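Residue numbers (the working numbering): 1 to 211.
For glycine and all other residues, C-beta sits at the position ideal for the given N, C-alpha and C.
Bear in mind the structure is a predicted one, so any value in this text is a computation, not a measurement.
Inspection log for the structure reproduced underneath, given as structure tokens.
Okay, structure coming up:
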């Protein structure tokens with residue numbers, strides 16, 4: 001059952017986003033109806049996890065976020081209440097990894113942004129291997145996603161369009177070992193994300209897609 005606080009926050013976020021933009025969702029049929037999975041997307045705005053959650057069915061979706069966000073007085077409490085998991089960037093946060101694994105294995109989807117940080121330019125940055133390791137550890141698929149339009153969200157009188165796209169799940173072989181194997185799995189995931197973005201946002205992966 002979805003917690004009441006999550007439903008309330010989701011409703012408020014839908015209203016706030018609706019004041020600023022029209023939300024267009026594509027590929028929702030690719031989202032698994034049951035079981036845990038990692039929702040992997042580009043990251044250009046703090047609105048990205050909100051758009052990804054609103055674009056999916058109403059079940060609870062957690063998100064991995066930087067520790068600093070959870071230390072904010074109000075926003076931090078809200079993030080914790082709706083299932084957010086804080087992670088200390090730049091170090092091996094074993095507690096966060098254990099919580100992610102537990103959440104995914106409980107059957108709950110989890111948003112993990114593979115770039116590891118927000119892209120200031122709006123162009124896709126090189127992905128990090130952690131997302132592949134987590135998919136293997138929890139034995140769950142990765143659903144590539146793309147969010148377009150959140151970087152330029154205006155005020156209520158300057159409405160825009162936010163597009164959320166989902167692709168078919170990618171199953172990461174748990175037998176894959178070493179840097180080379182995980183790099184291939186990461187490239188597959190990131191190329192799929194990039195392919196759903198306009199050329200101006202494909203960034204690090206634009207050249208690979210043009211071959």
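Distance between residue 174 and residue 112, taken at the CA atoms: about 19 Å. Rounded to whole angstroms, the separation of the alpha carbons of residue 210 and residue 77 is 44 Å. Here DSSP, grouped into helix, strand and coil, assigns residue 144 to strand. Distances from the CA of residue 204 to each of 137, 148, 122 were compared; the closest alpha carbon is that of 122.
Fewer than three pairs of CB atoms, one per stretch, sit closer than 8 Å, so the region 12-24 makes no contact with the region 32-45. Here the region 54-64 lies against the region 98-115, with 3 or more beta-carbon pairs under 8 Å apart.
DSSP places residue 161 inside the beta strand (DSSP E), whose first and last residues are 160-166. The beta carbon of residue 82 lies closer than 7 Å to those of 5, 6, 9 in the same chain, with the five residues before and after it left out. Annotation: residue 56 to residue 28 spans about 7 Å, alpha carbon to alpha carbon.
Within the same chain, 38, 40, 135, 170, 189 come within 6 Å of residue 142 by CB-CB distance, once the 5 residues on both sides are set aside. Between residue 132 and the set 87, 185, 120, the nearest pair of CA atoms involves 185. Cβ atoms of residue 36 and residue 107 come within 8 Å of each other, at about 5 Å.
Under a 10 Å Cβ-count criterion, residue 201 is classified as buried, with 16 or more other Cβ atoms of the shown protein chains found around its own Cβ. Annotated three-state conformation of residue 29 is helix, per DSSP. The residue among 153, 162, 125 with its C-alpha nearest the C-alpha of residue 191 is 125.
If you check the CB distance, residue 96 and residue 86 come in under 8 Å. Going by DSSP, residue 65 is part of the beta strand (DSSP E) stretching over 62-66.
Taking residue 208 as the centre and dropping the five residues before and after it, the same chain places the C-beta of 191 closer than 7 Å to its C-beta, in chain order.
Taking all protein chains in view, the Cβ of residue 102 is surrounded by fewer than 16 other Cβ atoms within 10 Å, so the residue is classified as exposed. Its chain contains 146 as the residues whose beta carbon lies nearer than 6 Å to that of residue 197, once the 5 sequence neighbours on both sides are disregarded; these appear in chain order. Per the C-alpha coordinates, the member of 3, 105, 67, 16 positioned closest to residue 159 is 16.
The Cβ neighbour count for residue 179, taken over all protein chains shown within 10 Å, is under 16; the residue is labelled exposed.
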